[in-house]
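Using the numbering used here, read the sequence shown as starting at 6 and increasing by one per residue.
Just so it is clear, CB atoms sit at the ideal spot from N, CA and C, and this is done for glycine as well.
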Amino acid sequence: MTVKNDIAPQGISRSDLRISFEFFPPKTEKMEETMWRSIHRLAPLNPSFVSVTYGAGGSTRDRTHSSVTRIQGETGIPAAAHLTCVGHTKEEIEGIARNYWDEGIRSIVALRGDLPDAGDKYVPTPGGYPYAVDLVEGLKRIADFDISVSAYPETHPDAPSADFEIEYLKHKIDAGANRAITQFFFDNEVFLRFRDKCVAAGITAPIVPGILPVTNFGSLLKFADMCGASVPKRLHWRFEDLDEDPDTRRMVAFHEAISQVEGLMAEGVTEFHFYTLNRAELTYAICHALGIRGVAQAAA
């Protein structure tokens, strides 16, 4: 990653900024074309890694695998495969992990995982790793993977309390996770309070904010409802009546995202994980505005 202007307005050296991107396995040929255009658009920005999600119950396992290996093979950027406890025995997960290691994939995002049917009560898979902390421990026994885990500044819907959320995150870090990536949020104070509580609890691993540029406000509300993230009134107001006005919607979305990132930078945050939803435009524009530049790649 190359940068312009050594010092950002927030006083952070732009060379200290680290970024990563998340994609999901496409379901159709058209969606696959969109994803790969986005990957090749963003790859020259030299992210720390690019992750690919895992469908509920492991439903996209093969597509996740093929996407991860192709990303790393074509771009040379470290690719991180999401891997979940749901729907797999320990033997199956260990086989998947060893296969990744043999293919040169060194990064895993280790998660409990979502159930195939939303709203069902979570029950560990028989013969599987019960929870993410167990998965982290198992992966570390297999090989020295670079492991990311999830964090919920507004508390996971299944967590009994905010204190439990932080205590459990510490267990995952102590088990061998290298960093935590947060669920998306739109109120920076929520993240900053969470970060402070993590530090007070003795968590020393990076807590990386997950940033979601808003491409579709209706979809955002559904995502937020599923994961327990709050959507401030200002967003309802600013995206009101923009469903049929994509140009204005993109400008509003850019303003919201860059303001959020720069606000976090002012509090010393230097690493960001962007949930791209397989679209490059907003994420690329945000990175450009931050001074992140890349070297053009040859066409694949």
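Query                                                                                                                                        : Result
Among the residues of its own chain, which have a CB less than 6 Å from the CB of ARG68, if the five just before and after it don't count?   : PRO30
Please report the residue range of the beta strand (DSSP E) in which HIS278 lies.                                                            : 276-280
With a Cβ-Cβ cutoff of 7 Å, do HIS93 and GLY133 count as a contact?                                                                          : yes
Please look up how many angstroms separate the CB atoms of ALA258 and VAL195, rounded, as I've assumed it's under 8 Å.                       : Their Cβ separation, rounded to whole angstroms, is 19 Å, which puts ALA258 and VAL195 out of contact at 8 Å.
Between which two residues does the alpha helix (DSSP H) containing ALA48 stretch?                                                           : Where ALA48 is concerned, there is no enclosing alpha helix (DSSP H), given that its DSSP letter is neither H nor E.
Given TRP141, which residues of its chain have a CB within under 7 Å of its CB, disregarding the five upstream and five downstream residues? : Correcting the residue type first, residue 141 is Val in the shown sequence and not Trp. Cβ within range, chain order: ALA115, ILE152, VAL154, LYS177, ALA180, GLY181, ALA182.
Using DSSP with H/G/I as helix, E/B as strand and the rest coil, what is GLU267?                                                             : helix
What residues are listed by DSSP as bridge partners for PHE26?                                                                               : VAL55, PHE279
Would you check if the region 275-287 and the region 34-41 touch, i.e. whether three or more CB-CB distances between them fall below 8 Å?    : yes
Against chain C, does GLY133 count as a neighbour if the rule is that its beta carbon must be under 7 Å from one of theirs?                  : Looking at the structure shown, chain C is missing, and only one protein chain is on hand.
Identify the residues that DSSP records as bridge partners of ASP151: which are they?                                                        : SER112
Taking the C-alpha atoms as reference points, what is the distance between PHE190 and LEU240?                                                : 12 Å
Which of the three DSSP states is assigned to MET6 in this structure?                                                                        : Any reading at MET6 needs caution, since the residue's pLDDT is 45, under 50, leaving its predicted position unreliable; the model's value is listed next. If DSSP states are grouped into helix, strand and coil, MET6 belongs with coil.
Under the rule that 16 or more other beta-carbon atoms within 10 Å means buried, what is HIS3, buried or exposed?                            : Given that the chain is displayed from residue 6 to residue 305, the structure contains no residue 3 and the question cannot be resolved.
When you compare only the Cα positions, how much space is there between VAL138 and SER264?                                                   : 34 Å
When burial is assigned at 16 or more other CB atoms within 10 Å of the CB, is LEU22 buried or exposed?                                      : buried
Just confirm the distance between the C-beta atoms of CYS90 and TYR136, as a whole number of angstroms; I'd bet it's less than 8 Å.          : 6 Å
Please report the distance separating the alpha-carbon of ALA206 from that of GLY215.                                                        : 21 Å
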